Amino acid sequence: MAEEKEEKQELNNNNDQTESSEETNTLINNTEVDLKSIEIKQLEEKEHYELDYFSKDEILEKSKKLEKQVAEFKEKINKLLKENSDSKNKHMHLQAEFENAQKRWKKNRQNLRIEYTASVLKNFLPLYDSFKKAIENAKETEKNLLTNFYNQFMNIYKSYGAEPIPIKINDPFDYTKHEALSSLEKDDIPENTILELIQDGFKYDKEIIRYAKVIVSRQPKPPEPEPEEKEVEEAISEVKEPEEKEVKEATSEVKEPQEDKTGEKKTSKKKRKDKKSKKIKE
């Protein structure tokens, strides 16, 4: 029974508290409304007072000034909006440039890394060539040992991403991978076909470390057409005619001085005879 009484008292207390809180809320709301109504009345009284106090001309001047101020504020707002849009565009442009520069930097860095590793791997190619020649020229007892070293070397080489360029005989020549050392004439094989592999080529990623040196085929030259008999005779006559002219000119040059000498002898004889005749007359 005592417990029930205590519960009833607590309920009554709670009800009293809720009622008191509701009353306080209503009082606060009423006071707020009263304050707002008072403010509105004060503003209305001020407006009426200003309207009564100023004349129409003054009011028009003030309205014009306000319109000018509004126009100025609008211009300022438009300028600020334009500046804001320009700054946004500049920010986006700079951000795009930064991203592009970052991509270019990463690409250049990757290319430099590839070039550097390719240059380092290229220095080991003479060792590969010596291994291959040694295996080809070694005896059967030594081949197993050399092939083990060769396989270890190739496994290390391939672990860095380098590998030999695959080439087969009778493959077409590719200038991006192959280097032609010489060419042979072949009738039954198309032109620029690989006939023999002289030295293996290697690549790393997309970089060519060493071009494969090969011998390629070429089509033989077509036989020259045989000249006809008339063409042969004309060619011989064209050769003989200048020779005959030169011989004639040479003989004429030899004869002319001989004739001059005979003429000089005759004139000298006549002079002698004239002198003798003059002496006899005297």
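Just so you know, we're using my numbering here: the sequence shown kicks off at 1 and counts up by one.
The C-beta atom is built at its ideal place from N, Cα and C for all residues, glycine as well.
The structure presented is a predicted model; accordingly, all values stated were derived computationally and were not measured.
Rounded to whole angstroms, the gap between the alpha carbons of lysine 139 and glutamine 199 is 22 angstroms. Ile209 is the residue among Lys221, Ile209, Gln219, Pro220 whose C-alpha sits nearest the C-alpha of asparagine 123. Arg218 is the residue among Glu61, Arg218, Lys206 whose C-alpha sits nearest the C-alpha of proline 172.
In terms of Cα proximity to lysine 143, the closest of Phe149, Tyr150, Ile135 is Ile135. One alpha carbon belongs to valine 120, the other to tyrosine 175, and they sit about 24 angstroms apart. Glutamate 179 carries a strand assignment under DSSP once its states are collapsed to helix, strand and coil. Cα atoms of lysine 206 and lysine 103: separation of roughly 19 angstroms, rounded to the nearest angstrom. Excluding sequence positions up to five before and after glutamate 196, its CB lies within less than 8 angstroms of the CB of Ile169, Val214, Ile215, all in the same chain and listed in chain order. With 16 or more other Cβ atoms from the protein chains shown falling within 10 Å of its own Cβ, phenylalanine 202 counts as buried. Using a C-beta cut-off of 8 angstroms, the stretch 174-192 makes no contact with the stretch 143-156, since fewer than three inter-stretch Cβ pairs fall below that distance. Annotation: the continuous alpha helix (DSSP H) that includes glutamate 61 extends over 56-122. Beta-bridge annotation (DSSP): threonine 193 is paired with Pro172. A distance below 8 angstroms separates the beta carbons of tyrosine 211 and glutamate 179. Residue environment: tyrosine 116 is assigned as exposed (fewer than 16 neighbouring CB atoms within 10 Å of its CB, all protein chains considered). Taking 8 angstroms as the cut-off, the Cβ atoms of isoleucine 194 and lysine 177 do not count as close. The beta carbon of leucine 146 lies closer than 8 angstroms to those of Phe131, Ala134, Ile135, Ala138 in the same chain, with the five residues before and after it left out. Residue range 140-159 is occupied by the alpha helix (DSSP H) that includes tyrosine 157. With a threshold of 16 other beta carbon atoms within 10 Å, alanine 71 falls short and is exposed. In the DSSP assignment, tyrosine 128 falls within the alpha helix (DSSP H) that extends over 125-137. In the three-state reduction of the DSSP assignment, isoleucine 208 falls in the strand class, which pools E and B. Phenylalanine 98 and isoleucine 59 have their alpha carbons spaced roughly 57 angstroms apart.
Note on geometry: alpha-carbon atoms of histidine 91 and tyrosine 204 lie some 40 angstroms from one another.
Within a 10 Å sphere around the beta-carbon of alanine 101 sit fewer than 16 other beta-carbons, which makes this residue exposed.
Looking at the backbone, the Cα of lysine 64 and that of aspartate 57 are separated by about 10 angstroms.
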